[in-house]
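Chains as they are written, first to last, in our numbering: chain A, 155 to 391; chain B, 59 to 302.
For glycine and all other residues, C-beta sits at the position ideal for the given N, C-alpha and C.
Right, one structure below, let's go through it.
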Amino acid sequence: MIMQDFAEAFRLAFGLVAAMDADLIEIIGLSLRVSLAAVFVAAVLGMPLGALLATVRFPGRGVAVIVINALMGLPPVVVGLLVYMALSNAGPLGFLQFLYTPAAMIVAQSILITPIVAALTRQVIEDMNFEYAEQFASLSVPWHTRIAALISDARYALATVLLAGFGRAIAEVGAVIIVGGNIAHLTRVMTTAIALETSKGDLALALALGIVLLVLALAVNAAVMSLRASAQSSAHA
Amino acid sequence: MLDQPAWSIASQLPLSVTGLCFNAGDTVLIDRLDLEVSHQGVTVLMGPNGAGKSLLVRLLHGLIQPQSGSIMWNGKRCSPATRLHQAMVFQKPVLLRRSVAANIDFVLGLKGRATLARRDELLMQANLSDKASQPARALSGGEQQRLALARALASNPEVLFLDEPTASLDPSSTQAIETAIGAASERGVKVILVTHDAGQARRLATDVVFIHRGSVAEHCSADVFFQQPASAVARDYLAGKLVI
Numbered sequence: 155m156i157m158q159d160f161a162e163a164f165r166l167a168f169g170l171v172a173a174m175d176a177d178l179i180e181i182i183g184l185s186l187r188v189s190l191a192a193v194f195v196a197a198v199l200g201m202p203l204g205a206l207l208a209t210v211r212f213p214g215r216g217v218a219v220i221v222i223n224a225l226m227g228l229p230p231v232v233v234g235l236l237v238y239m240a241l242s243n244a245g246p247l248g249f250l251q252f253l254y255t256p257a258a259m260i261v262a263q264s265i266l267i268t269p270i271v272a273a274l275t276r277q278v279i280e281d282m283n284f285e286y287a288e289q290f291a292s293l294s295v296p297w298h299t300r301i302a303a304l305i306s307d308a309r310y311a312l313a314t315v316l317l318a319g320f321g322r323a324i325a326e327v328g329a330v331i332i333v334g335g336n337i338a339h340l341t342r343v344m345t346t347a348i349a350l351e352t353s354k355g356d357l358a359l360a361l362a363l364g365i366v367l368l369v370l371a372l373a374v375n376a377a378v379m380s381l382r383a384s385a386q387s388s389a390h391a
Numbered sequence: 059m060l061d062q063p064a065w066s067i068a069s070q071l072p073l074s075v076t077g078l079c080f081n082a083g084d085t086v087l088i089d090r091l092d093l094e095v096s097h098q099g100v101t102v103l104m105g106p107n108g109a110g111k112s113l114l115v116r117l118l119h120g121l122i123q124p125q126s127g128s129i130m131w132n133g134k135r136c137s138p139a140t141r142l143h144q145a146m147v148f149q150k151p152v153l154l155r156r157s158v159a160a161n162i163d164f165v166l167g168l169k170g171r172a173t174l175a176r177r178d179e180l181l182m183q184a185n186l187s188d189k190a191s192q193p194a195r196a197l198s199g200g201e202q203q204r205l206a207l208a209r210a211l212a213s214n215p216e217v218l219f220l221d222e223p224t225a226s227l228d229p230s231s232t233q234a235i236e237t238a239i240g241a242a243s244e245r246g247v248k249v250i251l252v253t254h255d256a257g258q259a260r261r262l263a264t265d266v267v268f269i270h271r272g273s274v275a276e277h278c279s280a281d282v283f284f285q286q287p288a289s290a291v292a293r294d295y296l297a298g299k300l301v302i
C-alpha cells in the first residue's frame with residue numbers, strides 16, 4: 155500500500171511539473187519569494203551582526219554569542235505565535251495589516267533564520283579572523299576595512315551560511331501556517347500545502363509536493379556547490 | 059619609480075629597548091632585555107629554539123604588549139602609530155584568499171597608493187608578474203613568501219621585520235628572498251631578521267643579536283660575531299653544539 159502511495163506520488167509529481175500546473179507554479183513561486191525575502195532580511199541583519207561579534211571585543215559579547223547560538227533552535231510555532239500576537243489587530247504592530255499576508259510569513263521566517271545566519275557567520279568570520287588577525291594588526295588595517303575584507307574573503311563560505319538559512323526557511327511550516335493562514339492563492343506555500351493535503355488524507359498529492367520541495371532544495375544546493383567549485387578554481391581559492 | 063620613503067620626514071630609528079620583560083604565566087620568556095638598534099643595514103636575531111626571538115620581534119612591532127620595560131622608536135614609545143611605518147613578514151605567510159595582484163592591491167589601498175604601476179613594479183621585483191591573476195594560496199611556498207615580502211614592501215616601511223622567512227624553503231627560493239631583502243636594505247629599509255641559518259646570517263647581517271633564554275647574550279657586528287663570538291653560548295651555537 156505504501157509502495158503504491160510512493161509510486162502514485164512520483165507519478166503525480168512528474169505529472170504536475172510536466173503539466174506546469176498553474177496552482178503548483180503559484181505555490182512554488184510564493185514559497186521561493188517568501189523564503190528568499192527572508193534570507194535577504196537575515197543576510198542584511200545577521201551577517202553584519204555575526205561579523206561584529208566575530209571581530210569586536212566588548213562587554214557582554216560572550217552572553218550575546220550564547221544568546222544568538224541558543225536562538226538558532228527557536229521553535230517555529232512559538233515564533234509564529236509571537237508574530238501572530240504582534241501583528242494581530244490588538245497587537246503593537248497590528249496597524250501594519252500584515253497578518254495573513256506573505257509579509258507576515260517573511261517576518262516570521264526572518265526571525266527564525268536571522269540567528270542562524272548570525273551565528274554561522276560569526277563562526278566563519280571568527281575562524282578567518284583568527285588566521286588573519288596578526289597580519290591585519292601588522293598592517294594596521296582599520297576595523298571597518300578588516301570586516302569588509304573578512305566578509306569578502308569568506309563570501310563563498312557565507313554563501314553556504316545563506317543556503318543553510320534558505321533550507322530552514324523553505325522547509326518551515328509551523329510559523330508560516332499560523333501567521334499566513336494557508337490561504338489558497340494568497341499565503342499557501344509548499345509546506346502548508348503539504349500539511350493541508352496530509353490532513354485531507356491525500357497522501358499521494360502531499361508526497362508529490364514534498365518531492366518537488368526536495369528537488370527545489372537539491373537544485374539550490376547544487377547551484378551553491380557549483381559556485382564554490384568555480385571559486386576554488388578561480389582567483390579566490 | 060619607488061615612492062618617496064615615508065621616513066624621509068621623521069625617522070623611527072634608532073630603536074632602544076630597556077628592561078623588557080614578558081611572562082606567560084609563571085614562565086619568563088623575555089627577561090630584562092636591553093637592546094640598541096641603529097639605522098643601518100640588516101640586524102639579525104639568532105639563538106636556539108625557544109630563546110624568544112619571534113616573541114621579541116612581535117614585541118618590537120607592537121603586536122604584543124610587554125609586562126614591563128620600554129620600547130622606544132627614536133624616543134617615541136611603541137604604539138599603533140609607530141607600526142604604520144613598519145611591516146612584518148611571518149614565518150608562515152598569511153595571504154588573503156585573493157589573487158596575487160589583489161594581495162598587493164589590498165596593502166597599496168590601505169596606504170592610499172593603489173596604482174597599477176606600483177603594483178606591477180612590486181610584482182616584477184618579486185618575479186611574480188606572470189602569476190598576478192593566480193590565486194595567492196595556489197603559489198608554491200617560495201612564491202608565497204616572495205609575495206608576502208612584496209606585500210610588506212608595498213606599505214613602504216622604514217622598518218621591516220622578517221621572522222624566519224626562508225624556513226623550509228629550497229635554496230633557489232631562499233636566494234630570491236635574500237636578494238629581495240638585500241635590495242630593500244640597500245634602498246634604506248631597516249631590516250630586522252630572525253633566522254636559525256648561520257649561512258644566511260653571514261650573507262646578510264650587518265650586526266647580530268644573539269638571544270638566549272629571553273636575554274641578549276651578545277650583540278656585535280656580524281664580522282666579530284662569526285670570527286670571535288664573545289659569549290660561550292654563541293660559540294657553542296656556532297660550533298653546532300646543542301644549546302638549550
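I'd like to know if residue i contacts chain B, where contact means its C-beta is closer than 9 angstroms to some C-beta of that chain.
i      : result
D281/A : no
Q158/A : no
V178/A : The question names Val, but residue 178/A is Leu in the sequence shown. Output row for L178/A: interface = no.
Q277/A : no
A291/A : yes
A218/A : no
S294/A : yes
T299/A : yes
A383/A : no
E288/A : yes
A308/A : yes
E285/A : yes
A257/A : no
A205/A : no
A303/A : yes
Is there a C-beta anywhere in chain A that falls below 9 angstroms from the one on residue i?
i      : result
L121/B : yes
F148/B : yes
P124/B : no
L113/B : no
V247/B : no
R155/B : yes
P138/B : yes
R141/B : yes
S66/B  : Note that S66/B has pLDDT 46, beneath the 50 cutoff, so the model's placement of it is unreliable and the number below is only indicative. Chain A, which has no Cβ nearer than 9 angstroms to the Cβ of S66/B, makes this no.
V152/B : yes
G110/B : no
Nearest to residue i by CA position, among the options, is which residue?
i      : options                           : result
I302/B : H270/B, L117/B, S137/B and V158/B : H270/B
D307/A : W297/A, M282/A and I265/A         : M282/A
V219/A : A208/A, I324/A and R309/A         : A208/A
I122/B : V252/B, R209/B, P138/B and A109/B : P138/B
M182/B : P223/B, R171/B and L211/B         : L211/B
A145/B : V291/B, C79/B, A172/B and A206/B  : A206/B
Y310/A : S96/B, R155/B, V165/B and I239/B  : R155/B
A325/A : L316/A, V315/A, G334/A and M344/A : M344/A
L186/B : H119/B, I235/B and A280/B         : I235/B
L228/A : A262/A, V315/A and M201/A         : A262/A
I280/A : E351/A, L381/A and M201/A         : Note that residue 280/A corresponds to Glu in the displayed sequence, not to Ile. Taking only the C-alpha atoms, the option nearest E280/A is M201/A.
L78/B  : N214/B, P124/B and E244/B         : P124/B
F160/A : L367/A, A376/A and A358/A         : A358/A
A225/A : T268/A, I305/A and S294/A         : Residue identity check: residue 225/A is Leu in the sequence provided, not Ala. Closest by alpha carbon: T268/A.
S189/A : A371/A, Q251/A, M174/A and A273/A : A371/A
T255/A : L350/A, H339/A, D356/A and G204/A : H339/A
L266/A : F290/A, L367/A, A318/A and G169/A : A318/A
S128/B : F148/B, V147/B, I88/B and Q258/B  : I88/B
G169/A : V231/A, L293/A, I365/A and I331/A : I365/A
Please confirm if residue i has its CB atom under 9 angstroms from at least one CB of chain D.
i      : result
Q144/B : Among the protein chains in the structure shown, which are A and B, there is no chain D.
For the segment 160-173 of chain A and the segment 233-249 of chain A, state whether three or more C-beta atom pairs, one from each stretch, are separated by less than 8 angstroms.
no
Mind listing which residues of the segment 199-228 of chain B have their C-beta closer than 7 angstroms to chain A's C-betas, in chain order?
S213
Are the segment 133-140 of chain B and the segment 158-172 of chain B in contact at 8 angstroms, needing three or more beta carbon pairs?
no
Which runs of the alpha helix (DSSP H) spanning at least 4 residues fall entirely within the segment 161-199 of chain A, listed in chain order?
none
Specify whether the segment 258-274 of chain B and the segment 87-104 of chain B touch according to this definition: at least 3 beta carbon pairs, one from each stretch, less than 8 angstroms apart.
yes
So within the segment 336-391 of chain A, which uninterrupted alpha helix (DSSP H) runs reach at least 4 residues, ignoring any that extend past its ends?
344-354 and 357-386
Where the segment 161-173 of chain B meets chain A: residues whose CB sits under 8 angstroms from a CB there:
F164, V165 and L168
Do the segment 246-256 of chain B and the segment 217-227 of chain B touch if we need at least three Cβ pairs shorter than 8 angstroms?
yes
Enumerated in chain order, which unbroken segments of the beta strand (DSSP E) with a length of 3 residues or greater are wholly contained in the segment 292-330 of chain A?
none
If you scan the segment 232-300 of chain A from start to end, which runs of the alpha helix (DSSP H) of 4 or more residues do you find wholly inside it?
256-292
Could you name each continuous alpha helix (DSSP H) segment of 4 residues or more that falls completely within the segment 84-169 of chain B, going from the start of the chain to the end?
111-119, 138-141 and 158-168
Is the segment 174-189 of chain A touching the segment 341-356 of chain A in the sense that three or more CB pairs, one from each, lie closer than 8 angstroms?
yes
Is the segment 236-245 of chain B in contact with the segment 165-173 of chain B, if contact means three or more CB pairs nearer than 8 angstroms?
no
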